[in-house]
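Below is one structure, written out as structure tokens, with a few remarks after it.
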Amino acid sequence: MKIAIGADHGGFELKNKLVQFLGSLGHEVSDFGTDSKEPCDYPLIGYEVAKRVASGECDRGILICKTSIGMTMVANKLSGVRAASCRSTEEARSSREHNDSNILSLGSRFVDEKAAEEILKVWLVTEHAGGRHKRRVDQISDIEKNVRGR
Ligand code: RB5
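For the sequence shown, the positions run 0 to 149 when numbering that gives the first Met the number 0 is used.
So, in structure tokens, the structure goes:
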């Protein structure tokens, strides 16, 4: 899978570990920074990752900040992005089965390396369940396209 990854200073260390982990699983990873613990602005990094997923250049994205909240907010501004903040494997599974999430957001304050790896493994292999869940995801797309009016 082609995966875009990015983090601010709060997620920098966890990101580097996950880049290695994803590589060991055989994924093609594009790293959009940040490259140090120097404070930086999460919206700019989140946007770089989200636009790669929105455009189809990458299959999935992973974003890490301290809480996962800011990154999730940014990513979900882009049409076609369904970013999910997950702190457990169960949330990760649900976000794929029900919501067809294409970006996983992690908060380094709440998820350590081991937990992040477990969450990631589940998130990467779980398929969208389709059926009534597809209908609902399609409704999200309709809202993005404004076909329902305001
Ligand atoms: C940075 O201090 C922090 O605000 C950021 O990592 C993130 O948690 C934002 O939602």
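Glycine included, every Cβ here is placed at the ideal spot set by N, Cα and C. Since the structure is predicted, the reported quantities are computational estimates derived from the model, not experimental observations.
Assigned secondary structure, residue 103 (DSSP; H/G/I helix, E/B strand, else coil) = Three-state result, residue 103: strand.
Just to confirm, does residue 41 get its C-beta within under 7 Å of one of the non-hydrogen atoms of the ligand RB5?
-> Yes - the ligand RB5 has a heavy atom lying nearer than 7 Å to the Cβ of residue 41.
Return the residue from the list 50, 109, 24 and 66 that minimises the CA-CA distance to residue 81.
-> That would be 50, whose Cα lies nearest to the Cα of residue 81.
With 8 Å set as the bound, which would you pick, yes or no: does the beta-carbon of residue 129 sit closer than that to a beta-carbon of chain D?
-> Included in the structure is just one protein chain, with no chain D present.
Among 139, 133, 85 and 95, nearest to residue 115 - alpha-carbon criterion = Of the candidates 139, 133, 85 and 95, the one whose C-alpha sits nearest the C-alpha of residue 115 is 85.
With DSSP as the reference, label residue 27 as helix, strand or coil.
-> If DSSP states are grouped into helix, strand and coil, residue 27 belongs with the strands.
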